[in-house]
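Note sheet for the following structure.
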Amino acid sequence: MLSTIGAIDDGKGFNVEECSQKCLGLSIVNSYVEDKLKGSMQFESTACGTIVSFTFNM
Numbered sequence: 001m002l003s004t005i006g007a008i009d010d011g012k013g014f015n016v017e018e019c020s021q022k023c024l025g026l027s028i029v030n031s032y033v034e035d036k037l038k039g040s041m042q043f044e045s046t047a048c049g050t051i052v053s054f055t056f057n058m
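Residue numbers for the sequence shown follow the UniProt record's numbering, so the first one is 1 and each next one is one higher.
Right, here's the structure in full:
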């Protein structure tokens, strides 16, 4: 069974490409999702907010 968990905020957003390479916290979470949950993490970010979702098998 496939599960997805998501979060949405209405903050100022950020550059996903830049942060994917430099942000330690996001790197740790992404590694955990990939290694432990065998899943994936997706981001969409604009000046009006950010959407993040984690998809993994149960």
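Think of the CB as a built atom: it goes at the ideal place given N, C-alpha and C, for glycine as much as any other residue.
On a Cα-Cα basis, can you pick out the residue from the options that is closest to residue i?
{"i": "V16", "options": "L37, T55 and T46", "result": "T46"}
{"i": "I8", "options": "E44, N57 and K36", "result": "E44"}
{"i": "T35", "options": "K12, F56 and S20", "result": "At residue 35 the sequence reads Asp, which differs from the Thr that was named. With distances taken between Cα atoms, D35 lies closest to F56."}
With residue i and residue j assumed to form a contact (beta carbons below 8 Å), what rounded beta-carbon distance in angstroms separates them?
{"i": "G6", "j": "S40", "result": "Wrong, their Cβ atoms sit about 12 Å apart, outside the cutoff."}
{"i": "G49", "j": "G11", "result": "6 Å"}
{"i": "M58", "j": "S20", "result": "In fact, because the Cβ distance is near 26 Å, the residues do not count as touching under 8 Å."}
| task | Starting from the N-terminal side, write out each stretch of the alpha helix (DSSP H) that is 4 residues or longer and does not extend beyond the stretch 26-51. | result | none
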